[in-house]
Amino acid sequence: MASLARTAFRVHSFTGVITGLLLFILCWSGTFAVIAHELDWLATPAARAQPAPGPDNWAAWEAGVHAHAPDTRLLGLRAPLNDHRAAQAMIQRPDGGRRLLFITPATGQVQGEASPFTVQRFFREFHRSFYIPTQWGTYLVAALAVTLLVSLVAGLLFYRRWWRRFFSLRWRRGPGLWSELHKFVGLWSLWFVLIIGVTGLWYGVERARLDMGDGLFAYAGPTAMAAHRIAEPDSDPSRPPLSVAALVDRARALRPALRLTTVIPGPDRFYAEGEADDLLVRPRANLIYLDARSGAPLYSQDAGDLPAYWRWSETADPLHFGDFAGLPVKLLWFVFGLLLCGLILTGTWMHARRLARSERAREKHRWRGTGAAVVVSLLVVVASVPLAIHQVRLEYGGFPSLQSGVMAVVLGWVVLTVILLAGWGWSLKRR
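Structural data, given as structure tokens:
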């Protein structure tokens, strides 16, 4: 058992060495991604609105968009996320550029517009792939999730009788205190680390199936990436599509218990998704496809009828980001995300300090190992903003007109992260 404990300790420490600061950046960005919608609400005044009485008024929202921007194409409408938010619309201008519109829920009046580059968009994309412009970013994130799980299991193997130590915290002076806090917080965070590690790994599994397996990424859809291919509409292609309001009425008649959250009109198909009574699924688990010209149903998906694999696929995202029971759960995920970041920083710091005790390894570790890790991590963080802007420019056309509040949040996060990384390296060097 002693040999197993020593081996587990080395594995636990080694995973911190090979992932270390990159894993911290990943979890740090994910922690803020949890509350990204709330940060957007704070950073963008046009995103705020008073609650509207009665049901969602999709007809008024559609009319408001056309009145505000008559020469644009409506790409999608989203209902307010809660009672104090505006509805949103994505439009495409004649030059191909896209804008995000904020709509007063009660009247349908457009109360502001912005770039699609939002706080939520920045953190989710960075957390998904570090803005590496190929699928390898997703695989890197999944690999970091693997090291997180390995570190979790190894930590439990070398920490003897850990199940008895949830209320055992010995206050020591000096570095010993950090070790005690690391173990204590780690025990209380076990459930959270397991959820984050498993769901993070799952994103890599999904991507691997798409790239190297059968090419499937969804249970139902109009493309070859769907296990269930949606049929082509059989209506007269010369007929113009129905209005969004008319199609929403058809969708509501088809699924009266479904509260629609997002609709995407198209020339052939109309897509709608929403929330029902299913536990722990994202809105797209319940979806509807209609013939855009006739309103005839093409497909209706109920989350409760999904096979186990695809049901879990729709559950992983709400679990990973705590987005399934309102703001209180999000705040709980945010707090434990901060604790996880603290675990990573203290764990890598303690192991680096142990390595530095050896006179023979001192200079090599400090300047080649630790220094390189800090430099690489700083480059990943600093490069995130120009890479994000470049991606938005390619996807939406033209150089994005960035709102000051969003840029203040993003740049503030970057500066804070740089300070934390630099402070981590400095505290190690001075010892």
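All letters in the sequence shown, in the order written, are residues 18 to 448 by our numbering.
Positions of the beta carbon are idealized from the N, C-alpha and C atoms, including for glycine.
Tell me the rounded alpha-carbon separation between residue i and residue j.
i	j	result
Arg383	Leu438	With a pLDDT of only 47 at Arg383, under the threshold of 50, the placement of this residue in the model should not be trusted; the figure read from the coordinates follows. Spanning the two alpha carbons is a distance of roughly 14 Å.
Glu249	Gly442	58 Å
Ala241	Arg286	16 Å
Phe134	Thr24	46 Å
Thr434	Ile361	14 Å
Leu194	Phe183	16 Å
Ala369	Leu56	35 Å
Ile120	Trp179	53 Å
Gln420	Val28	45 Å
Ile149	Arg187	43 Å
Leu323	Tyr236	8 Å
Glu380	Gly440	Caution is warranted here: a pLDDT of 48 is assigned to Glu380, below 50, making its placement in the model unreliable, and the coordinate value is therefore given only provisionally. Taking the straight line joining both Cα atoms gives about 19 Å.
Thr32	Leu211	16 Å
Val37	Arg116	What sits at residue 37 in the sequence shown is Gly, not Val. Distance between the alpha carbons of Gly37 and Arg116: 38 Å.
Glu376	Ile42	Reliability of the predicted coordinates at Glu376 is poor, the pLDDT of 47 falling under 50, and the value obtained from them is presented with this limitation in mind. Rounded to the nearest angstrom, the two C-alpha atoms are 30 Å apart.
Pro335	Val298	6 Å
Gln408	Gly214	27 Å
Pro68	Gly125	12 Å
Arg181	Leu173	12 Å
Val391	Ser444	12 Å
Phe49	Pro254	45 Å
Phe351	Ala313	43 Å
Phe341	Leu304	17 Å
Ile436	Leu395	10 Å
Ser30	Thr365	8 Å
Leu315	His83	27 Å
Trp327	Ser317	15 Å
Ala405	Ala225	24 Å
Val346	Val51	10 Å
Arg65	Asp100	9 Å
Provide the residue span of the alpha helix (DSSP H) that contains residue i, from first to last.
i	result
Gly93	Careful: Gly93 lies outside any alpha helix (DSSP H), inside the beta strand (DSSP E) at Arg90 to Arg95.
Ala451	There is no way to answer for residue 451, as the model of the chain reaches only from 18 to 448.
Arg525	Given a span of 18 to 448 for the chain in the structure shown, any question on residue 525 remains unanswerable.
Leu174	Trp153 to Phe175
Phe287	Not the alpha helix (DSSP H): Phe287 falls in the beta strand (DSSP E), residues Arg286 to Glu292.
Arg256	Where Arg256 is concerned, there is no enclosing alpha helix (DSSP H), given that its DSSP letter is neither H nor E.
Ile212	Leu207 to Met229
With distances taken between CB atoms, is the gap from residue i to residue j smaller than 8 Å?
i	j	result
Ser46	Phe140	yes
Arg102	Trp75	no
Leu227	Ala244	no
Phe353	Phe209	yes
Pro87	Ala104	no
Gly339	Leu349	yes
Arg272	Glu292	no
Val423	Val398	no
Gly114	Tyr413	yes
Ala53	Val163	no
His337	Gly429	no
Val426	Ala60	yes
Leu91	Pro300	no
Leu356	Leu161	no
Phe143	Ala22	no
Round the Cβ separation of residue i and residue j to the nearest angstrom and send it over; I've been treating them as touching at under 8 Å.
i	j	result
Arg138	Val158	At roughly 17 Å, the Cβ-Cβ gap does not stay under 8 Å, so Arg138 and Val158 are not in contact.
Ala106	Leu98	14 Å between Cβ atoms; not a contact.
Asp295	Ala320	4 Å
Kindly indicate the opening and closing residues of the beta strand (DSSP E) around residue i.
i	result
Ser401	Counting along the chain, Ser401 falls outside any beta strand (DSSP E), though it belongs to the alpha helix (DSSP H) covering Gly388 to Tyr413.
Ile108	Ala104 to Gln109
Glu130	Val127 to Ala131
Glu249	That residue, Glu249, is in no beta strand (DSSP E); it is neither H nor E in DSSP.
Thr278	Arg276 to Ile281
Tyr236	Ala235 to Gly238
Leu117	Arg115 to Ile120
Practice task
Evaluate contact between the stretch 302-312 and the stretch 207-227, counting only Cβ atoms and requiring at least three cross-stretch pairs below 8 Å.
Solution key: no
Problem - At least three beta-carbon pairs within less than 8 Å, the stretch 196-208 to the stretch 79-99 - result: no
Practice task
Determine, using beta-carbon pairs with one atom in the stretch 279-295 and one in the stretch 258-268, whether at least three such pairs fall under 8 Å.
Solution key: yes
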